[in-house]
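Letter by letter, the sequence shown follows residues 1 to 282 in the UniProt record's numbering.
Quick reminder that beta carbons are idealized off the backbone N, C-alpha and C, glycines included.
If you're wondering where the values come from, they're calculated on a predicted model, not measured in any experiment.
As structure tokens, the structure follows; a few thoughts come after it.
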Amino acid sequence: MLRPGEDLLQVEERLWLLSAPTGQGTYDFAFDRFFACRRPYVLPESMEVVARVGVWNDYAERYRELAEAGIRLVHTPEQHLQATELPHWYPKLTDLTPRSVWFDERPDAETVERLLGWPVFVKGERQTSRHRKSLSIIEGPEQFRQAMAAYAKDPILHWQRVVCRELRPLRRVEEGAPDRIPSSFEFRTFWWKGQLVGWGPYWWQGTPYTLTPEAQREALGLGREVARRLDVPFLVVDVAQEVSGRWIVIECNDGQESGYAGISPFALWRAILDVERGTGAA
1 MLRPGEDLLQ
11 VEERLWLLSA
21 PTGQGTYDFA
31 FDRFFACRRP
41 YVLPESMEVV
51 ARVGVWNDYA
61 ERYRELAEAG
71 IRLVHTPEQH
81 LQATELPHWY
91 PKLTDLTPRS
101 VWFDERPDAE
111 TVERLLGWPV
121 FVKGERQTSR
131 HRKSLSIIEG
141 PEQFRQAMAA
151 YAKDPILHWQ
161 RVVCRELRPL
171 RRVEEGAPDR
181 IPSSFEFRTF
191 WWKGQLVGWG
201 PYWWQGTPYT
211 LTPEAQREAL
221 GLGREVARRL
231 DVPFLVVDVA
241 QEVSGRWIVI
251 ECNDGQESGY
261 AGISPFALWR
271 AILDVERGTG
281 AA
């Protein structure tokens, strides 16, 4: 039932978790150091469980394996795709996010130029490769051809469909390293059953930045609308501000797989537990 390294525990008698260390400081969290946790001797016949084990590339298969043991992941395979892969969430958010196209096979430069023009932002359907600028911000056809050759060999990107997006002028925070996507005024938000349970700066390791009260209302209002439209239990929405002042959706993800960025994990899980107790903010 459980794979090596996985641990099943109940937190504060409210929330079942399936956890495993990944070695990533922005993702891992020692629940039993901060919350009252117990490991069951006998499992209930059925339970809803949040997975914090990193990324499963075989989510649908893992969902079925666990379901056979009475462990029901908080997201069905369909909800996982809705939250995670751009081709699934984009059609519901076309008015809130940059224009995007995706391809089952790596496209040629002429096709991308015809559909979007240059420059474009390029990524896998789920993520970039370590925020590398040279593989993401593409200025013209030759750079695009080089990027596609790199995608074919990249361990993170080679199995993902290629997504090309209109490159929008985002408000900058700092340029960062030479081959890293520049830090924009971007924020990560977590939503549990439609309620906001955490938000913070996406680029949390560099120059500090935060939201004014007015910007907070706009940014979190956008995240709330996304959570309403996608309607999955545990959603992450990344939002950023354009130079014009407009807020847009950068990406959506399954909260089970997402790093905390600049959000306190303790505060996040405390807020989720409060929602489960019926004491969290509506």
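- Look at Gln241 here: in three-state DSSP terms it is strand.
- As the crow flies, the alpha-carbon of Leu170 is around 10 Å from that of Ile250.
- By DSSP's assignment, Val49 forms a beta bridge with Trp16 and Leu73.
- Distance from the CA of Asp231 to the CA of Met47, rounded to the nearest whole angstrom, comes to 21 Å.
- Apart from sequence neighbours up to five positions away, the residues of its chain that approach Cys37 with a beta-carbon distance below 6 Å are Leu9, Val11 and Phe31, ordered along the chain.
- Distance from the CA of Arg114 to the CA of Pro233, rounded to the nearest whole angstrom, comes to 38 Å.
- Of the residues assessed, Lys153 falls on the exposed side of the cut-off, its CB having fewer than 16 other CB atoms within 10 angstroms.
- Of Glu174, Arg180, Leu167 and Pro107, the smallest CA-CA separation from Gln146 is found for Pro107.
- In the structure shown, Gln160 falls within a coil segment according to DSSP collapsed to helix, strand and coil.
- In the three-state reduction of the DSSP assignment, Thr189 falls in the strand class.
- In the displayed model, Glu166 falls within a strand according to three-state DSSP.
- Residue pairing for Asn253: DSSP places it in a beta bridge opposite Val236.
- Rounded to the nearest whole angstrom, the CA to CA distance from Trp118 to Ala267 is 42 Å.
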